[in-house]
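Numbering (this note's numbering), first residue to last: 893 to 1600.
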């Protein structure tokens, strides 16, 4: 039971209309918010936002609910067994800093690990100030959500173009042929493609006579807005992409266009694709040779086309090869860095402005136990559990989590859940007592949502149009609340004696040094945002490779091809598991909002009827993998290809000690109680959580599967 004093009451905001961007997902839709009597009385899309143009999704409408959530923490909590006690802020910051320093001084810097979750990049206060604390700790055991679902994109960007954030973005508003693989942008609102109103943008492609082709193991919401849909077996995308390239080279359809003057490795790519004929891969991929040949010809000859591969390509054992090959497909058909193809942004705040040509981003050190390589200063999160539980020099003994819930979001979350209970010290900078933070000795809850100023540093860099927007707070905070940057700067100062610059100061410096020479005052004077126009070709000027040229055939990718070749002869498991995204959810932390949880239960195991011998729609089934088992309602649907089952990501709110009133009523089960941290993309270190082999069993029995 929590012991506390009466919290201070926050002052009410002035009545009026406020404009800001929603920071709950990558779409960063503009919002128009009306406040009367201290409450939001109307929230709708901002029709004057140059990027979203009035679009809004259900998550945006839930922002006032998040602000008023009774389960949201506002003052520091310290755990004593199963009891939580409130603390004063200075007392809490002093205590946390002293504990982190004590562990570091006793066991070394690597004994203190950090994990930053996905919401970190949705809050500029965290994004611009958490780094100071990470550097103050000085540990190699640094983990983020990147290696859960997107590391292959960054790996390909670094190897091919010279920087992890040189990731091509589909020029969706000007393309006539969009090839999507393993992507469901109608549920994700785009992903590594900041594109509000994807539905409208896909419709516009069709209305101008273009095509939208989608390949996925599940006929998703996005498939309903495609002109062509094809099932593809999970984890086989690299084979399909190589087969497409095989046809393009065999039929002389390749054309680099303006890239020809500054690209290397075309012959190596040609050689790599030579043995992967459509006939050779059709049995494994499930896509017919005729379909592959037609698709290759149509894509290569289209005037404006773009290939886009997202999460389904990244979270598999060949994620690095898949994302590399998507870029190669765009390049060799003349659709990279060209209008209507895969392009690069020119953001007002440019994360690349201080980058050095030829910098090395991976392999500078490896994890202690499994020897997996770092990337951009962080280790793959699949090694967290073993680094906590295995004794020896460098063992993780303390952990700082920031806006993350890795117990639900990382592979084999049940093993991590158990490991966290054995830490010497853990602190979570998070506004909720969730499945991960329940293990913390101290929780430091930051203000968030409608209470914070915000600039989308990352998502303007990934947007389909060059825009900028600065959001001012709508609601003031109470005296006993703190902003995220105050927490990070307070801890950093206690550990180093220096606090650093505020996020606003850093933003101003970055905007002033950026390509448009703007500043916060100018953005504040334009509350709907500023439009800097469509994406423009920018190569070779923006390339950051040592040679200043596009590297079409990086050696790490070529060296990984024998692993792909060997796997072609392996018989696939009879049934594998994939995740699925949902529009009214955001990973693990939007399940505590009543309006987003209305309707039938969404945590179901979807299965094709062809795989359901002995099972009935709606019954509870036990799903088993190598690492665990869960019991979940069965939903039979032909939207899954045979041999594939699907669970949504982010559920599993039944663990003891969680303070999430609504979420626990819709607890569901965690996909990552089944995924296996030993399944990994050997090239990049990204978790291979798609394609997990599973078996199905009667829920009340421990015998053989009913499908055996």
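For each residue, glycine too, the CB sits at the ideal point set by N, CA and C.
Could you tell me which uninterrupted alpha helix (DSSP H) segments, each at least 4 residues in length, are contained entirely in the stretch 1549 to 1587, listed from first to last along the chain? 1553 to 1557
Leaving out five residues on either side along the sequence, give the residues of the same chain with a beta carbon under 7 Å from the beta carbon of residue 1222. Within the chain shown, numbered from 1, the residue matching residue 1222 stands at position 330. Here the set comprises 1060, 1198, 1199, 1228, 1233, 1234.
Cα separation between residue 902 and residue 1545? Counting from one through the chain shown, the residue named residue 902 turns up at place 10. Counting from one through the chain shown, the residue named residue 1545 turns up at place 653. Rounded to the nearest angstrom, the two C-alpha atoms are 30 Å apart.
Where do the ends of the beta strand (DSSP E) carrying residue 1034 lie? Taking the chain shown and counting its residues from 1, the one referred to as residue 1034 is at position 142. Here the beta strand (DSSP E) through residue 1034 covers 1034 to 1036.
Residue 1468 in three-state terms, based on DSSP: As a first step, residue 1468 is located in the chain shown; it is residue number 576 there, counting from the start. Looking at residue 1468 - three-state DSSP - the assignment turns out to be strand.
Look up residue 1537 in the DSSP assignment and say whether it is helix, strand or coil. Position 645 of the chain shown holds residue 1537. Correct three-state label for residue 1537: strand.
So the candidates are 1501, 1216, 1550; which of them puts its Cα closest to the Cα of residue 1530? Within the chain shown, residue 1530 is the residue found at index 638, counting from 1. Closest option to residue 1530, Cα to Cα, is 1501.
Rounded to the nearest angstrom, what separates residue 1504 and residue 1554 at their Cα positions? Sequence index remark: in the chain shown, residue 1504 carries index 612 (1-based). Sequence index remark: in the chain shown, residue 1554 carries index 662 (1-based). Residue 1504 and residue 1554: Cα-Cα distance of roughly 32 Å.
Alpha carbon to alpha carbon, how far is residue 1459 from residue 1396? In the chain shown, counting from the first residue as 1, residue 1459 sits at position 567. In the chain shown, counting from the first residue as 1, residue 1396 sits at position 504. Cα to Cα, the separation comes out at about 50 Å.
Under a three-way DSSP split, which group does residue 1156 fall into? Within the chain shown, the letter at position 264 stands for residue 1156. DSSP places residue 1156 in strand when its eight states are reduced to three.
When you compare only the Cα positions, how much space is there between residue 1594 and residue 1558? Counted from its first residue, the chain shown places residue 1594 at position 702. Counted from its first residue, the chain shown places residue 1558 at position 666. Low local confidence applies: a pLDDT of 43 at residue 1594 is under 50, so the model's placement there is unreliable, with the coordinate-based value given in what follows. Spanning the two alpha carbons is a distance of roughly 26 Å.
Between residue 989 and residue 1387, what straight-line distance do the alpha-carbon atoms span, to the nearest angstrom? Translated into the one-based positions of the chain shown, residue 989 becomes position 97. Translated into the one-based positions of the chain shown, residue 1387 becomes position 495. So the two alpha carbons sit approximately 6 Å from each other.
Is the stretch 1045 to 1055 close to the stretch 1433 to 1450, with three or more CB pairs under 8 Å? yes
From what residue to what residue does the beta strand (DSSP E) around residue 1320 run? Taking the first residue of the chain shown as 1, we reach residue 1320 at position 428. Segment 1317 to 1321, the beta strand (DSSP E) holding residue 1320.
Counting along the chain, where does the alpha helix (DSSP H) carrying residue 959 start and finish? Your numbering for residue 959 matches position 67 in the chain shown. Per DSSP, residue 959 belongs to the alpha helix (DSSP H) from 955 to 959.
Compare the Cα-Cα distances from residue 1087 to each of 1184, 947, 1201, 1285 and report the closest residue. Here residue 1087 refers to the residue found at position 195 of the chain shown. Minimum Cα distance to residue 1087 is reached at 947.
Exposed unless 16 or more other CB atoms sit within 10 angstroms - verdict on residue 1398: Along the chain shown, read from residue 1 onward, the residue named residue 1398 stands at position 506. That one is buried.
From the DSSP secondary-structure annotation, give me the bridge partner or partners of residue 931. Counted from its first residue, the chain shown places residue 931 at position 39. 928.
Closest by C-alpha distance to residue 1528, when choosing among 915, 1510, 1521, 1519: Position 636 of the chain shown, counting from 1, holds the residue named residue 1528. Cα-wise, what sits closest to residue 1528 is 1510.
Secondary structure at residue 1461, three-state DSSP: helix, strand or coil? Here residue 1461 refers to the residue found at position 569 when the chain shown is read from its first residue. In this structure, residue 1461 counts as coil in the three-state DSSP scheme.
Can you give the Cα-Cα distance for residue 1567 and residue 1330, rounded to whole angstroms? Locating residue 1567 in the chain shown gives position 675, counting from the first residue. Locating residue 1330 in the chain shown gives position 438, counting from the first residue. Cα to Cα, residue 1567 sits roughly 22 Å from residue 1330.
For the candidate residues 1274, 1318, 1045, whose alpha-carbon lies nearest to that of residue 995? By one-based count along the chain shown, residue 995 stands at place 103. That would be 1318, whose Cα lies nearest to the Cα of residue 995.
Among residues of its own chain, excluding the 5 on either side of residue 1262, which ones have a beta-carbon nearer than 6 Å to its beta-carbon? Here residue 1262 refers to the residue found at position 370 when the chain shown is read from its first residue. Closer than 6 Å at the Cβ level, and outside the excluded window around residue 1262, lie 1275.
Where the alpha helix (DSSP H) containing residue 1425 begins and where it ends: On the chain shown, residue 1425 is found 533 positions in, with the first residue counted as 1. Segment 1422 to 1426 is the beta strand (DSSP E) holding residue 1425; no alpha helix (DSSP H) there.
Helix, strand or coil for residue 1308 per DSSP? Position 416 of the chain shown, counted from the start, is the residue given in the question as residue 1308. In this structure, residue 1308 counts as helix in the three-state DSSP scheme.
Alpha carbon to alpha carbon, how far is residue 1296 from residue 1008? Give it in angstroms, no decimals. Along the chain shown, read from residue 1 onward, the residue named residue 1008 stands at position 116. Along the chain shown, read from residue 1 onward, the residue named residue 1296 stands at position 404. Answer to the nearest angstrom: the Cα atoms are 6 Å apart.
Look at the Cβ atom of residue 1525, then the Cβ atom of residue 1497, and state whether they are nearer than 9 Å. Against the chain shown, residue 1525 aligns to sequence position 633. Against the chain shown, residue 1497 aligns to sequence position 605. For residue 1525 and residue 1497, yes; Cβs fall inside 9 Å.
Taking just the CA atoms, how far does residue 1191 sit from residue 1117? Locating residue 1117 in the chain shown gives position 225, counting from the first residue. Locating residue 1191 in the chain shown gives position 299, counting from the first residue. Taking the straight line joining both Cα atoms gives about 19 Å.
Sorted by chain position, which residues of the same chain lie with C-beta nearer than 6 Å to residue 1288's C-beta, five sequence neighbours on each side aside? Here residue 1288 refers to the residue found at position 396 when the chain shown is read from its first residue. 1005, 1033, 1279, 1280, listed in sequence order.
What are the partner residues of residue 1344, as DSSP defines its beta bridges? Your numbering for residue 1344 matches position 452 in the chain shown. Residue 1344 pairs with nothing; no bridge assigned.
Going by the beta-carbon positions, is the gap between residue 1294 and residue 1022 smaller than 9 Å? Here residue 1294 refers to the residue found at position 402 when the chain shown is read from its first residue. Here residue 1022 refers to the residue found at position 130 when the chain shown is read from its first residue. Contact flag set, yes.
Give me, in chain order, the residues of the same chain whose beta-carbon lies closer than 7 Å to that of residue 1028; leave out the 5 immediate sequence neighbours on both sides. Numbered from 1 along the chain shown, position 136 holds the residue referred to as residue 1028. Correct list, in chain order: 1384, 1387, 1388.
Could you tell me which residues DSSP pairs with residue 1084 in its beta bridges? Numbered from 1 along the chain shown, position 192 holds the residue referred to as residue 1084. None, per the DSSP bridge assignment.
C-beta contact flag for residue 1210 and residue 1430 at 9 Å: Within the chain shown, the letter at position 318 stands for residue 1210. Within the chain shown, the letter at position 538 stands for residue 1430. It is not a contact, given that the beta carbons lie outside the stated cut-off.
With DSSP run on the structure shown, which of helix, strand or coil describes residue 1334? Start at 1 with the first residue of the chain shown, and residue 1334 comes out as number 442. It is a strand residue.
Exposed or buried, which one is residue 983 when buried takes at least 16 other CB atoms within 10 Å? Taking the chain shown and counting its residues from 1, one reaches residue 983 at position 91. Counting Cβ neighbours within 10 Å, residue 983 comes out exposed, since fewer than 16 surround it.
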